[in-house]
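Chains A and B are the protein sequences, given in the same order. The first sequence begins at 27 in our numbering and counts up by one. The second sequence begins at 115 in our numbering and counts up by one.
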Amino acid sequence: MREQVLASVLANPRVEPHLAIWGWEIATYLFFGGLAGGMMLCAGTVILARREGQAPFAAYRAPLVALVLLAVGMTTLFLDLERKINVWRFYATLRVTSPMSWGSWILLLVMPAMALLALAGLAQGFPALERLLRRLPLVGRPVVGPIIDLCVALRRPLAGINVALGVALGIYTGVLLSGFNARPFWHSALLGPLFLVSGLSTGAAVIVLGARTVEERHLFGRIDLGVILVEMALIALYLIDMLNGDALQHQAVALLLGGAMTGLFWIGFIALGLALPLLLEAASWRRPVAVLASLASVLVLVGGFLLRDVVVTAGQRTSWSNFHNQFNAGLLDRLRKDGENPSGRF
Amino acid sequence: MPHYAMVIDTRTCIGCTDCVDACRMENSVPEGLCYDWVVEITQGRYPELKTEFRSERCNHCSHATCVAACPTGASQYWNGSNIVVVDATICTGCKACIAACPYDARLIMQPQGYIGKCTFCVHRVQYGEDPACVATCPAHAMHFGLLDDPTSNVSRLLAGREHYVLAPETGNEPNVFYLR
Ligand code: SF4
Ligand code: SF4
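Have a look at this one:
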């Protein structure tokens with residue numbers, strides 16, 4: 027027999043749930059970050075391949091849409107900071123060993139790159155907005171107008187930059203988590219590619235939802251189908267990797283195989299967020315059906331968020347210290363229900 | 115490079131949790147939180163049971179993953195030693211360091227929002243005093259000192275007694291040692 031109990035109390039999330047590290051804010055941020063990265067990749071590729079005619083939404087409108095969605099994600103990221111007044115400290119330094127530091131600098135590059143590509147497509151994508159910008163009092167004619175013209179002239183180099191930064195952003199959303207050796211569930215190099223591919227899939231889904239022509243919707247529906255297959259392969263590799271791992275990894279993956287996150291992962295993400303949209307997209311492979319394409323895209327988006335949510339939550343439940351302090355947090359919960367405050371006694 | 119270590123004798127520790135209270139008083143730890151904690155481990159089969167008490171805290175790792183993960187440099191080594199401290203004026207509360215600590219030794223200070231943890235009572239240590247928990251321990255089970263000095267009490271204890279650290283497999287090179 028081996029029994030461990032706490033003689034005092036431990037201020038960590040297993041004992042005090044309100045001390046949890048990251049919640050829905052970070053899952054949302056990773057979701058929109060990956061999605062924006064995927065859209066940058068799609069938009070840039072379309073422009074570089076000179077397929078604007080075939081995919082006008084991706085080429086002209088997607089950058090601005092991605093910019094807005096990324097801004098939503100960055101807002102929830104900011105909401106998560108416990109000491110918001112110090113947020114500028116991210117940009118007072120670059121810590122080479124910290125993925126989060128890299129990420130904050132990547133975001134700083136991504137925003138203007140997206141904005142410039144959005145300006146380049148404004149005349150075709152959002153003509154009313156373009157006219158408005160050019161007619162702004164004071165700055166419209168002498169400043170904004172020439173900037174827009176310059177962006178249009180530099181469209182292709184800008185597209186190349188967006189592709190590179192889109193990949194960096196997508197991978198970063200995974201590496202942010204996989205860099206933590208302290209959390210066995212996250213400590214897999216596969217999270218980077220997995221989040222990149224999932225981001226590409228959700229980005230393509232937004233384009234399908236936004237596209238105005240059947241051709242473009244169909245094109246990105248087909249692309250998404252291939253991407254989902256790759257995503258499934260990466261998930262399988264991740265599970266195999268964990269199952270072949272050490273005791274820490276077994277304990278981590280058990281959360282998905284019978285543990286607390288099983289339902290959300292298999293039914294929410296795998297079945298509804300991957301398999302069902304895959305079937306819907308396969309069904310409309312030859313003949314596009316608008317309803318099916320939209321439904322598949324919505325499911326992909328829900329699945330993309332669930333993936334982030336499951337991974338962010340599960341990672342925090344796994345830890346090295348679980349092996350040393352194997353106390354039963356449920357007992358403390360019972361004390362709480364009886365009206366006692368376990369930490370109050372010390 | 116001063117290399118500080120804490121040596122805790124699990125044979126003399128009586129599990130009174132005075133170290134936890136001493137730390138709370140010394141460091142004004144917010145109510146309900148703590149920088150150190152005591153676990154009681156019972157092993158064996160009745161009637162041959164063996165109980166060990168262990169006072170745990172931040173290990174002030176020589177390879178601290180929390181310092182590596184911090185994006186702002188708020189988590190840092192104090193004065194080139196292995197004592198890991200958080201500069202509250204820099205910390206953004208992004209919690210990367212909490213995720214990065216394999217010993218779950220960090221917590222969010224509430225309501226201020228910066229990260230709190232055991233500091234090895236650096237404000238006492240720099241004047242040559244022992245950390246509050248060590249100074250308070252009524253069983254004299256805790257010892258603190260420099261590992262680079264072979265004549266220090268911690269070096270001599272480690273040389274003479276069997277000892278272990280928590281999860282050396284993390285690669286963090288923890289510096290809180292437990293005597294068996
Ligand atoms: S125990 Fe955790 S908080 Fe303390 S130095 Fe090591 S990694 Fe950092
Ligand atoms: S919470 Fe503070 S100390 Fe921890 S990693 Fe973020 S900025 Fe650094």
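All residues carry an ideal CB built from backbone N, CA and C; glycine is no exception.
For B/V121, the uninterrupted beta strand (DSSP E) segment begins and ends at 118 to 123.
A/A84 is the residue among A/L45, A/V165, A/V31, A/A84 whose C-alpha sits nearest the C-alpha of A/I249. CA-to-CA, the gap between A/V113 and B/T206 works out to about 6 Å.
Taking every protein chain shown into account, the CB of A/F291 has 16 or more other CB atoms within 10 angstroms, so this residue is buried. At a cut-off of 8 Å between C-beta atoms, B/L272 does not count as an interface residue with respect to chain A. Here the alpha carbons of A/V193 and A/R181 stand approximately 18 Å from one another. Contact annotation, B/C247 with B/C137: C-beta distance approximately 5 Å; criterion of less than 8 Å satisfied. In chain order, V152 place their CB closer than 6 Å to the CB of B/T131, counting only its own chain and leaving out the 5 sequence neighbours on each side. Distances between the C-beta of A/R209 and the heavy atoms of ligand 1 are all 7 Å or more. The CB of A/I47 comes closer than 8 Å to the CB of K209, I212, A213 in chain B, given here in chain order. DSSP, reduced to helix, strand and coil, places B/L293 within a strand of the structure shown. In this structure, the straight-line span from the alpha carbon of A/F116 to that of A/R360 is close to 41 Å.
Between the beta-carbon of A/C68 and that of A/G229 there is about 6 Å, and that keeps the pair under the 8 Å contact cut. Ligand 2 has no heavy atom closer than 7 Å to the beta-carbon of A/V31.
At a cut-off of 8 Å, the C-beta of B/Q157 has a neighbouring C-beta in chain A.
Taking C-beta separations shorter than 8 Å and ignoring five residues to either side along the sequence, the partners of B/V143 in its chain run C137, Y149, G230, following chain order.
Remark: the shortest separation between the CB of B/N286 and any heavy atom of ligand 1 falls under 7 Å.
It is roughly 8 Å from the alpha-carbon of B/A182 to the alpha-carbon of A/R121.
B/W192 is not bridged by DSSP to any residue. Taking 8 Å as the threshold, the shortest C-beta distance from B/F167 to chain A falls below it. Contact between the region 76 to 93 of chain A and the region 186 to 204 of chain B is not established, with fewer than three Cβ pairs separated by less than 8 Å. DSSP, read as helix, strand or coil, puts B/W151 in strand. Taking 7 Å as the cut-off, one finds no heavy atom of ligand 2 near enough to the beta carbon of A/G129. B/N289 is a Cβ neighbour of B/N196, given a cutoff of 8 Å. The beta carbon of B/E170 sits closer than 6 Å to the beta carbons of W151 from its chain, once the five residues preceding and following it are set aside; these are given in chain order. Cβ proximity to chain A below 9 Å picks out A202, T203, I204, C205, T206, G207, C208, K209 from the region 192 to 209 of chain B. Within the region 200 to 214 of chain A, contact with chain B at the beta-carbon level (separation under 9 Å) is assigned to L202, L203, G205, F206, N207, A208, R209, W212.
In the structure shown, the three-state DSSP call for A/G70 is helix. Nearest C-alpha to A/R334 among A/N348, A/L90, A/W311, A/G200: A/G200. Around A/Q150, the same chain offers Y86 as residues with beta carbons nearer than 6 Å, after the five sequence neighbours per side are excluded.
Listed in chain order, the alpha helix (DSSP H) elements of length 4 or more contained wholly in the region 230 to 304 of chain A are 240 to 269, 273 to 279. Note on geometry: alpha-carbon atoms of B/P225 and B/A219 lie some 18 Å from one another. If you ignore the 5 residues before and after A/A92, its C-beta comes within less than 7 Å of the C-beta of A62, M65, M66, M140, all in its own chain and listed in chain order. DSSP, read as helix, strand or coil, puts B/L163 in strand. The Cβ-Cβ distance between A/V189 and A/L74 falls below 8 Å.
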